[in-house]
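> Sequential numbering of the sequence shown, starting at 122, is according to the working numbering. Note that beta-carbon positions come from the ideal geometry of N, C-alpha and C, so glycine has one too. Right, I'll just put the structure down here and ask away after.
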Amino acid sequence: MDPTHDTAGRLRTRWGVLVRPDFRLLWIGETVSGLGNSITVVALPLIAVVVLDADSTAVGLLTAAVWLPWPLVGLPVGAWVDRIRKRPLMIACDLVSVAALVSIALAAWLDALTLEHLVVAALVCGTAAVCFSTAYHSYIRIVLGGRDLLEGNAKLQGSEAATQVAGPGAAGLLAQAFGAVTALVADAVTFLISAVCLRRIKVDEPGRTPDEEHPPLRQQIAEGLRFVGRDRYLRPMVIWGAVINMALMGYQAVQVVFLVRTVGLDPAMVGLLLTSGSAGGVVGASLATRVGRRFGTGRGLLLLQAATAPFALLLPMTTIGPGLLLFATGALLVGIGVSVANVVIGSFRQTYCPPYMLGRVVATAMMINHSTIPVGSLLGGVLGDTVGYRPAMWIMTSAVALSWLVLALSPMRRERELPRTREQAQEQEQEQAQANG
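Below, the structure is given as structure tokens:
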């Protein structure tokens, strides 16, 4: 036996597609870039609170600016990315994020930083994140193919969940040890590492194809909206996603100010507490398959939401000392419920929607779901300044606790399993109509 071949086989079994240099570089680049995005979401509000002494309305505005590009440019970016080379765009997005974050640090060191500067930088970083995320989901098909594609997607999703756990904690610890501005410089370094990794990928990427006849973008968007709006399964799922995103971002816009000024925590402890929700996301992703097998995809999704969403009400009960466990427990369980729902709903869409409509359905759902994120951020911030930080937390977490009722009013309350295809759903609808007739 060839010892070189045997060693390669053992490595392939242990590390899977990570033994392939191009995918390994893509995986490192996406993971580091995702870590940077997770740090940015926490570091910018910390700078606003610690350096600029911003109120919760300002923090809500800043949080909204990070997410606002999704509803504004998400659909056009999706169509644009399909017509250009992906890797140069991803590298450009990383470098743009570096420039925006470094500009904040320079302005702070020169004592010239303003809230307006932070908001513009957040908009720039948010737009870069939209373009990067859209491009890398397409680019993986160029780096991997065939049976390796599923494994590659699984590794990328796993690293994304891990960065959501590590990012908030890293931001808090860096801010505590070196200051909030220095934490943002470290954040910029993560995007630079990502750009270097992507630059070293050697796989050939096809150039632009000759111009083809494409339906107008407005027509394609309208078709996706009609498909989702008329479907009795997709419609409540999208509504639930919009409601839960608004409620989650509403309390998340206030939680940093609440934990610092009302509870009295330092940045390091804030970062550690915020990892609870992300840890719940990792746990939920690992439980999703077992929940579906045990209770069914439809009933399991509904039961888990009803069981976890009300624990959001623990968050505004948080106090110093042992009372911090209330925040950690609530965030963990809410994170588990949301993560399981994302996995179940995402898998349902992939099998349920006709292939020629899948891209538009996903884009439509993402646009609607993300459009409520800046609304929730602004609402939470304004409530924090008008009624107080703890009452604002009570209002927004109450919305989280009740969000499962949207799914309870959908057809899944009567069905153990979600239909695998739209044809199957139509058959079930006809059978129910005959039974009720």
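1) Return the chain-ordered list of same chain residues with a C-beta closer than 7 Å to the C-beta of alanine 368, the five sequence neighbours on each side being excluded.
2) Counting only the same chain and skipping the five closest in sequence on each side, list residues whose C-beta sits under 6 Å from that of methionine 488.
3) DSSP on proline 166, reduced to helix/strand/coil?
4) Helix, strand or coil: which one does DSSP assign to valine 459?
5) Tell me which same chain residues have a C-beta within less than 6 Å of the C-beta of valine 219, skipping the five on either side of it?
6) In chain order, what residues of the same chain have a beta carbon less than 6 Å from the beta carbon of threonine 418, not counting five sequence neighbours either side?
7) Alanine 428: which of Ser407, Thr235, Ser492 and Ile457 sits nearest, CA to CA?
8) Is it true that the CB of leucine 294 sits closer than 9 Å to the CB of glycine 451?
9) If you count every other CB in all the chains shown that lies within 10 Å of the CB of glutamate 237, and 16 or more means buried, which is it?
10) Helix or strand or just coil, what does DSSP make of leucine 222?
11) Report back the beta-carbon spacing between serine 224 and alanine 242 to the nearest angstrom; my notes put them in contact at under 8 Å.
12) Residues in the same chain with beta-carbon distance under 7 Å from aspartate 176, minus the five sequence neighbours each way, listed in chain order, please.
13) State the Cα-Cα distance for the pair threonine 383 and leucine 210, rounded to the nearest angstrom.
14) Check whether the Cβ atoms of leucine 572 and proline 190 lie closer than 9 Å to each other.
15) Does the beta-carbon of phenylalanine 379 have 16 or more other beta-carbons within 10 angstroms, so that it is buried, or is it exposed?
16) When the distance is taken between beta carbons, is tyrosine 510 closer than 9 Å to alanine 433?
17) Give the DSSP-derived three-state secondary structure of threonine 128 in the structure shown.
According to the structure shown:
1) Gly497, Met517, Ala520, Val521 and Ser524
2) The residues Pro192, Gly195 and Leu196, in chain order, have a CB closer than 6 Å to that of methionine 488 in the same chain once the five nearest residues on each side in sequence are set aside.
3) helix
4) helix
5) Counting only Cβ-Cβ distances below 6 Å, and skipping sequence neighbours, we find Ala309, Phe312 and Leu313.
6) Val465, Glu538 and Leu539
7) Checking every option, the nearest Cα to that of alanine 428 belongs to Ile457.
8) no
9) Classification for glutamate 237: exposed.
10) DSSP, reduced to helix, strand and coil, places leucine 222 within a helical segment of the structure shown.
11) 6 Å
12) Correct list, in chain order: Asp506.
13) 43 Å
14) The question about residue 572 has no answer here: the residues shown for the chain are numbered 122 through 558.
15) With 16 or more other Cβ atoms within 10 Å, it is buried.
16) no
17) Low local confidence applies: a pLDDT of 46 at threonine 128 is under 50, so the model's placement there is unreliable, with the coordinate-based value given in what follows. Three-state result, threonine 128: helix.
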